Amino acid sequence: MWSLIMAPPIRDKNRKCVPGSGALLLLLLSHLTSALEVPLDLPQPPTITLQSPKDYIFDPRENIIIHCEAKGKPHPSFSWTRNGTHFDVEKDSKVVMKPGSGTLVIDISGEKAEAYEGTYQCTAHNEHGTALSNKIIIRQSRSPLWSKERNEAFTVQKGAPLVLQCRPPAGLPPPVIFWMDNNFQKLPLDKRVSQARNGDLYFANVVPEDSRPDYICYARFPHTQTIQQKQPISVAVLENNPGQEHSPGLMLPQGAFSHKMVLRGETLELECIAEGLPTPDITWEKEGGELPTNRLALQNFQKTLRISDVTDSDAGRYRCSASNRLGSTHHIINVTVKAAPYWVSAPRNLILAPNETGILTCRVNGQPKPKIRWFVNGVPVENAPEDRSRKVDDDTVILSNVQSGTSAVYQCNASNEFGYLLANAFVNVLAEPPRVLTPPNLVYQVISNNLALLHCASFGSPIPTITWFKDSQISIKNGEHYVIHENGTLEIHVAQPLNSGKYTCIATNNLGIRENHVFLEVKEPTRILKQPEYRVVQRGMSALFECKVKHDPSLIPTMTWLKDNGELPDHERFLVGADTLTISDVTDGDEGTYTCMMNTSLDMDSASAMLTVVERPDPPTELVLSDQTEKSVRLTWVHGDEHNSPTQKFLIQFEDLLHQPGVWVNMTEVAGTVSTAQLSLSPYVYYAFRVLAMNRIGYSEPSQPSNQYRTSPAAPEENPADVQGRGTMPSNLVITWTQLTGFQSNGPGLEYKVQWRQKDVDEDWSSKNAANVSELVVPGTPTYVPYEIKVQAVNDYGEGPQPYTVIGYSGEDLPLSAPESVQVMIHNSTVAEVHWEPVPFSLVRGRLLGYKVSYRREHGLNKAEEQGEQPEQSLTFPGNRSEGRLPGLQPYSVYNISIRVLNNKGEGPASQSKTFETPEGVPGPPSFLNVETPSLESVTLQWGPPLQNNGRLVGYTLKYQPVNDTNELGPPQLAEFLANQTTFTLENLNSSMRYKFYLSAKTIKGSGPFLTEEAVTVVNTSAASRQVDIATQGWFIGLMCAIALLILVLLIVCFIKRNKGGKYPVKEKEDAHQDPEIQPMKEDDGTFGEYSDTEDHKPLKGSRTPSNGTVRRDESDDSLVDYGEGGDGQFNEDGSFIGQYSGKKEKDTHEGNESSEAPSPVNAMNSFV
């Protein structure tokens, strides 16, 4: 991610863009040190603004244009000299001077161009002085013809060096040299064959391929765009006596030492060409120093050393070395650096007020040291009219106490043997009040944390002093955050939002004062918050890049997407969203770097991400079989295109064309970095191989099959697997196995040699061969006896390995005997444990699976219980067991039990049945519990006996508890009943109260589970009727009105007190009365309270009402109902008044704690409205 800081654009107060402010910050900084400009409406000497280069080579086919432009007030006039004498332009009809300019246009058509060659100089003059241009040397470009010469053919022995000379004609400027053949094909250059800077062609050693008759040197002259060629040179290389290998020798430069002079700022080029066999290598080094790597270039196959922009430090000794395996040689080039004059400090224009002093400096350097001469208005200073205010001291002119009318143009000329420099600098004597040249009310915009430059270009004589203010109040001084430059520009090092605002610059000199206002807006930077991420996408899928940006809200951003720094392809597959780029149906050509660029008028930010397109690899190619033996072969292949996803592995498959044509079987896998595999083979197989490559996308298509490879037959190497023996009938043994495949057979005539004998019996093996089957039935075997079994593979070439012996069993039959000695142990009323004596294995006559215990409940021991037929139950105990537990029995019952042994064939005979009894247990719950005829203080309960007594029933237990409105249980009450009792009436209960009843039956073993029921006693209707009657009494209505009137009076008095700042002493009166129905009132809801009582939020006594709407009598109640004067809101017709005094509102179920807050007198008043 990178961003480019642009110079702040300048806008007027109406925010319209002012052109000319989009330059880079570097250009703005250069303005800080530029020369002082005089407004063109003021008198000033001439200033040269445009001139031709010092060395001007013209094309004789075109006009000669010599530029000379200048400015001044009044506008200057122009004149020319040629070769040091006045050039009268008007007398030559071929020469025209452009109007208002000194530029000459010379028409040389039909004329001899040589007549206008020479040295020209332009003079610009007005009443305030004279300025001079450089001396411009005008020369005609030349492209002379090649001198006629006869080239001899070169005959040279193979391995010898050779030089073909070009010797092009001298042109102006020098031509560009290159070698071609008759077909205009450039001759190839390399380490062995190279072209020198003078155009000659060098061969370090020749080879037979160098023989040809058409080595042609061409010279191209750039100004005239003409190409000339030398006569072809023929070269013949002989091979009858080839040259021997030898150490290098230098062909160019010759000797061991040479000199080279170069001018400062130019390019140094050193070349070193050597011969030798083998071709030598060239290296460069600087003795006693390092080569300047940032300005160094090695060209022409290391034979040319090029250093650009030469400095004094580049002087020294350079060593060129040529070496091959037979030896080396070197050459030393001593480089000296001279310098034409160059500026250290050129003179600058001076604007002086009368009686001021100024200095002109002309500081130059060069090697040798340049000579400096001063001119005034084009005249040497020593020949100029005397001026006592002027003093010349070498490179300095001091002007003291200047006066009006002494304006002039001074020229400084610095020269040595390598060139000259000429600079004009005027001295303009003016008295001028300040003026601010920067337009008013400019708006500068800059990004936060960047440099801000606020300009205050001014002019005046004397030079005005610039001061800055922020927001017309804060004086700005040079310091840590600000710099005021010499030209008046205010620099803010790191602009922050707090720097935004109005800035005023004031220009002052002794002739006046002038101010200007500008504005600075510091904006938030544009930043990419979520950069696009690297994507790896399979071909044909979609790729999504996201680019989320934050920017200053006042700037309008523009998002641009680039691909490889160029425009996105113009295709509908590329969809650009607000902050996304989606590429659908990705192709290989979509791969590259995608850049999100967010631009505003002030800054930009960008981020890039790569898109890699992947796909399954291409199939391997060029399958080759090698190292072929009977047991192995080497398979080699060539990798296919990986499509940007490295191959992880190769899968090698084979096809058995003899046994399973068309079926490909996985054979082995190898790493994705290899391209060969040694494959183990089986006999008697017609192999064909193919290879699949796999990367993280998936498998490639299979390669083309390899050539067929056949292996010879052999004896089997393995026997059938999964050999088993089991009988299907009591008198047979069935031996089974898994047949070998044709691939495993190893040869023709595959059969299976099956052997068996009874285990632990001294007898020989029985044997029989079988082909193309997977089982053999052995008849006449004893019932369920073990056999040793072997199966061996054989074919026409021999037997397989010795087979393993497995144990099998002949067929099973039903067991002959039943378990004996059956015993039952009772653990508790529901669990019994059974024991028996196992059946001998010989009588099981098969694989013992376990014992099956069958049991049935015959009847219960309770005489009153109805007796019905019960289903038989059974449990199977696996393995050779002699005991088991029977869970889930019914208490107080009689059970019958029998046991059988199990094998794979079925069940044996049942054992002798055994009868046992289970002891008593706890009974089941009562069959029902009903609450009947509830009254004010009693209820009647009726219930039924348990469906399962599980013993002798001895009675019932009743527990009951009251339940309040919050489902809290009161103290429990217990009652016991006899077994023959099924109804009971509970007395002395609370009216309007909910009760919960728990009833259980019991035997001598304890109580069984409870059966629960709930009921509510009858509501006391007499109290409610009295409450309604009170609400209609006249005395009660009068009492309520009196209370309301009293409250109204209290409210009025309270409001008066509050308006006067007093407080109403409610607390004292409340403490005196201790009336629980009157609570202090809170100030925040317009009531009386000046304090907070701890009892404010507690519920009032007697305010609780049952949820079923009935009124409960309770010893703790203290409500108005007990006294015949209160209730739960039914005292009067609308219930509002009593609701206030009972401490309970109509919406108490919804308002939570608010239902217990103190009553408000205002609400009590409202209840009468």
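Okay, so the sequence shown: first residue is 639 according to our numbering, each after it adds one.
Heads up, the beta-carbon is just placed ideally off N, CA and C, and yes, glycines get one too.
Every value quoted in this text rests on a predicted model; they were computed, and no experiment measured them.
- When DSSP states are grouped into helix, strand and coil, Pro811 belongs to the coil group.
- For Asn701, the CB contacts under 7 Å within the same chain, skipping 5 residues up- and downstream, are Val743, Ile744, Asp745, Ile746 in chain order.
- Considered as a whole, the stretch 774-825 harbours 774-778, 792-795, 800-802, 814-818 as its complete beta strand (DSSP E) runs of no fewer than 3 residues, in chain order.
- In the three-state scheme derived from DSSP, where H, G and I count as helix and E and B as strand, Trp1403 is classed as coil.
- Under DSSP, Phe1622 forms a beta bridge with Leu1579.
- Comparing alpha-carbon positions, the option among Leu680, Thr1164, Leu1686, Gly1418 lying closest to Asp1241 turns out to be Thr1164.
- Beyond the five residues adjoining it in sequence on each side, Ile1085 comes within less than 6 Å, by CB distance, of Lys1161, Pro1163, Leu1240, Asp1241 in the same chain, given in chain order.
- With contacts defined as CB atoms closer than 8 Å, Ile989 and Val727 fail to qualify as a contacting pair.
- Under the three-state reduction of DSSP, Phe939 is assigned to coil, being neither helix nor strand.
- Contact annotation: Gly881 and Ala791 have beta-carbon atoms that are not nearer than 8 Å.
- Here Gln1461 has His1473 as same chain residues with Cβ atoms under 7 Å from its own Cβ, once five neighbours each way along the sequence are excluded.
- In the three-state reduction of the DSSP assignment, Gln1083 falls in the strand class.
- In the assembly as shown, Pro812 is an exposed residue. Its beta-carbon has fewer than 16 other beta-carbons within 10 Å.
- For the 8 Å CB-CB criterion, Gly1230 and Leu1261 do not form a contact.
- Nearest Cα to Pro807 within the set Gly1438, Ser1053, Lys786: Lys786.
- Judged by their CB atoms, Ala762 and Pro684 are nearer to each other than the 8 Å cut-off.
- Ranked by how close their Cα comes to the Cα of Pro1583, the residues Pro737, Leu1637, Asn1370, Leu1688 have Leu1637 in first place.
- When Cβ pairs closer than 8 Å are counted between the two stretches, the stretch 1168-1181 is seen not to touch the stretch 1084-1099, the count staying below three.
- DSSP, read as helix, strand or coil, puts Arg933 in helix.
- In the structure shown, Ile1036 adopts extended strand secondary structure according to DSSP, grouped into three states.
- Annotated three-state conformation of Ser961 is strand, per DSSP.
- Cβ atoms of Trp784 and Gln863 stay farther apart than 8 Å, at about 17 Å.
- The criterion of a C-beta distance shorter than 8 Å is not satisfied by Gln1298 and Ser1270.
- The stretch 1308-1322 makes contact with the stretch 1270-1284; the number of CB pairs closer than 8 Å reaches 3 or more.
- Counting of Cβ neighbours within 10 angstroms places Asp1400 among the exposed residues, the total staying below 16.
- Cβ contact annotation for Met1305 (same chain, cutoff 7 Å, sequence separation greater than five): Ile1290, Gln1291, Phe1292, Leu1317, in chain order.
- Taking the Cα positions, Val844 is about 58 Å away from Cys760.
- In this structure, the straight-line span from the alpha carbon of Asn1051 to that of Thr757 is close to 16 Å.
- Bounds of the alpha helix (DSSP H) holding Leu1481 are 1479-1482.
- Annotation: the continuous beta strand (DSSP E) that includes Ser1246 extends over 1242-1252.
- In the three-state reduction of the DSSP assignment, Lys729 falls in the helix class.
- The shortest C-alpha to C-alpha distance from Val1017 to any of Thr1655, Gly767, Gly1178, Asp1228 is the one to Gly767.
- Contact between Gln1346 and Tyr1325 is confirmed by a C-beta separation of about 7 Å, below the 8 Å threshold.
- Counted as a single uninterrupted DSSP element, the alpha helix (DSSP H) harbouring Phe1381 occupies residues 1380-1383.
- Non-local beta-carbon contacts of Ser739 in its own chain, meaning distances under 6 Å to residues more than five positions away in sequence, involve Glu707 in chain order.
- Annotation: the continuous beta strand (DSSP E) that includes Phe1515 extends over 1511-1516.
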